[in-house]
Amino acid sequence: MNTKQQGIDDWGTIFRDLAALIDRAPSPPRRPAGEWTRKDQAEAHAIAVAWGWLIRVKRTAEAVIELEKSGYGNEAAPLARSVVEHAIRLPWAADKGRQEFVEILVRMRSWSLQNTLKAAEAGWPLTDDQRNQIKDLQDEAGEDFKQLDRFMQLAAVVVDDPEQFAGLYQIWLAETQESHPSLQSSANYRQQSKDGLTWSLSTSPRPGTRRYDVLMPSLLWIGLRGYARIADLTDHFEMGLNQLGQRMEDLGVARKRAT
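Encoded structure:
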């Protein structure tokens with residue numbers, strides 16, 4: 531019996547209940563065997579990719595929560611950033627359509643591999659076999675979907691649907707500042723004196739205002755809802771997601787009243 535059933539609820543319980551929903555997920559509806567078109571192959575691939583993204587969200591969120599509990603919340607920013615980005619991409623993929631989002635990913639891979647080839651030209655040598663493997667992967671990119679290249683950039687995803695993604699994008703931008711070498715990534719380990727002449731340096735960060743224990747369940751809920759749509763499992767997950775969404779809303783309201 532979980533703590534919710536005993537009349538007590540918290541964000542950790544909600545996360546565990548979301549994880550249990552995922553662990554008990556049924557297989558997506560089977561597709562009939564036969565001669566598959568490129569569209570058929572992409573649509574089957576889409577469900578597998580979406581499942582991988584969902585599990586990436588779940589496991590990475592678990593790692594972020596454990597790091598925060600252990601006093602490493604600041605250092606968890608790169609992982610949290612990854613969770614946010616995957617949580618954005620799952621409902622985006624559901625909105626875009628199975629074939630379209632897979633074709634975009636194949637083109638993204640081709641673009642990324644082209645950067646690898648450019649690096650090789652600048653002095654990072656590749657073997658002939660490596661070059662041939664890269665070329666084979668790049669050849670999989672469909673020119674018919676070139677007009678969707680703008681969605682390689684997360685900003686374009688947000689611009690396409692700001693009502694759904696703008697808030698998440700703000701969180702992603704904040705985590706980006708903490709993830710890459712920047713003034714912000716250094717800020718919590720140093721403190722300037724009031725006269726501005728000296729700095730106090732610390733081996734541990736100042737306490738932050740992050741609440742990954744709150745953010746991670748919310749992102750996992752968003753990700754699971756997106757996966758359910760892609761995999762045609764909305765009917766299976768709808769009741770559980772609605773109940774968990776209400777519980778998160780209730781906790782959020784209680785938290786606001788407490789502060």
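Going by my numbering, the first residue of the sequence shown is number 531, and it counts up by one from there. Each residue gets a CB set at the ideal place from its N, CA and C atoms; glycine is no exception. Bear in mind that the values here come from a model prediction, so they are computed numbers and not experimental data.
#1: In this structure, does DSSP put T533 in helix, strand or coil?
#2: Tell me whether S734 is buried or exposed, calling it buried when 16 or more other Cβ atoms sit within 10 Å of its Cβ.
#3: Look at the Cβ atom of F695, then the Cβ atom of V687, and state whether they are nearer than 9 angstroms.
#4: Taking 9 angstroms as the cut-off, decide whether the C-beta atoms of L584 and L754 are in contact.
#5: Which term fits S716, buried or exposed, when burial requires 16 or more other beta carbons within 10 angstroms of its beta carbon?
#6: Provide the residue(s) that pair with Q722 in DSSP beta bridges, ordered along the chain.
#7: For the alpha helix (DSSP H) that T543 lies in, which residues bound it at each end?
#8: Between the alpha carbons of P556 and A623, how many angstroms are there, rounded?
#9: Below 9 angstroms between beta carbons: does that hold for A572 and V632?
#10: Which runs of the alpha helix (DSSP H) at least 4 residues long sit entirely within the stretch 630 to 687? Give them in chain order.
#11: Classify I538: buried if its beta carbon has 16 or more other beta carbons within 10 angstroms, exposed otherwise.
#12: Take E630 as the anchor and find which of L763, Q644, Y757 and A576 has the nearest alpha-carbon.
#13: Between Q677, S642 and M682, which has its C-alpha nearest L667's C-alpha?
#14: Take T590 as the anchor and find which of D570, E768, E705 and H616 has the nearest alpha-carbon.
#15: Helix, strand or coil, according to DSSP, for D780 in the structure here?
#16: Please classify Y602 as buried or exposed, where buried requires at least 16 other C-beta atoms within 10 Å of its C-beta.
#17: Going by Cα to Cα distance, which pick from T764, G775 and L774 is closest to P559?
#18: Check whether the stretch 603 to 611 and the stretch 756 to 770 are in contact - that is, three or more C-beta pairs closer than 8 angstroms.
#19: May I ask you to report which of helix, strand or coil DSSP gives P558?
#20: Would DSSP call E573 helix, strand or coil?
#21: Looking only at C-alpha atoms, which of L750, T739, R628 and A574 sits nearest to F545?
#22: Output needed for Q536: all residues of its chain with C-beta closer than 7 angstroms, excluding positions within five of it in sequence on either side, in chain order.
Put simply:
#1: Your numbering for residue 533 matches position 3 in the sequence shown. With a pLDDT of only 48 at T533, under 50, the local geometry of the prediction cannot be trusted, and the value read off the model is given with reservation. In the displayed model, T533 falls within coil according to three-state DSSP, outside both helix and strand.
#2: Sequence index remark: in the sequence shown, residue 734 carries index 204 (1-based). By the 10 Å Cβ count, S734 comes out exposed.
#3: In the sequence shown, residue 695 corresponds to position 165, counting from 1. In the sequence shown, residue 687 corresponds to position 157, counting from 1. Their beta carbons are under 9 angstroms apart, which means F695 touches V687 by this criterion.
#4: As a first step, residue 584 is located in the sequence shown; it is residue number 54 there, counting from the start. As a first step, residue 754 is located in the sequence shown; it is residue number 224 there, counting from the start. Yes, they are a contact pair.
#5: As a working note, residue 716 is residue 186 in the sequence shown. The residue is exposed, with fewer than 16 neighbouring Cβ atoms inside 10 Å.
#6: By one-based count along the sequence shown, residue 722 stands at place 192. Beta-bridge pairing links Q722 to W729.
#7: On the sequence shown, position 13 is the one that residue 543 refers to. Element bounds for T543: W541 to D553.
#8: As a working mapping, residue 556 is identified with position 26 in the sequence shown. As a working mapping, residue 623 is identified with position 93 in the sequence shown. For P556 and A623, the distance between alpha carbons rounds to 20 angstroms.
#9: If you number the sequence shown from 1, residue 572 lands on position 42. If you number the sequence shown from 1, residue 632 lands on position 102. Annotated as proximal: A572 and V632, with beta-carbon spacing under 9 angstroms.
#10: 658 to 668
#11: Here the question's residue 538 lines up with position 8 in the sequence shown. With fewer than 16 other Cβ atoms within 10 Å, it is exposed.
#12: Counting from one through the sequence shown, the residue named residue 630 turns up at place 100. The shortest Cα separation from E630 among L763, Q644, Y757 and A576 belongs to A576.
#13: In the sequence shown, counting from the first residue as 1, residue 667 sits at position 137. The shortest Cα separation from L667 among Q677, S642 and M682 belongs to S642.
#14: In the sequence shown, the residue the question calls residue 590 occupies position 60. Answer by Cα proximity: H616.
#15: For the purposes of this step, residue 780 is taken as the residue at position 250 of the sequence shown. The three-state reading of DSSP puts D780 in helix, counting H, G and I together.
#16: To locate residue 602, count along the sequence shown from 1; it is residue 72. Exposed.
#17: Stepping through the sequence shown from its first residue, residue 559 is reached at position 29. Of the candidates T764, G775 and L774, the one whose C-alpha sits nearest the C-alpha of P559 is T764.
#18: In this structure the stretch 603 to 611 does not touch the stretch 756 to 770; the number of beta carbon pairs closer than 8 angstroms is below three.
#19: Indexing the sequence shown from 1 puts residue 558 at position 28. Note: P558 maps to coil in three-state DSSP.
#20: Position 43 of the sequence shown holds residue 573. If DSSP states are grouped into helix, strand and coil, E573 belongs with the helices.
#21: Working through the sequence shown from its first residue, we reach residue 545 at position 15. Nearest of L750, T739, R628 and A574 to F545, Cα basis: L750.
#22: On the sequence shown, position 6 is the one that residue 536 refers to. Low per-residue confidence applies at Q536: pLDDT is 49, beneath 50, and the placement is therefore not dependable enough to give any value.
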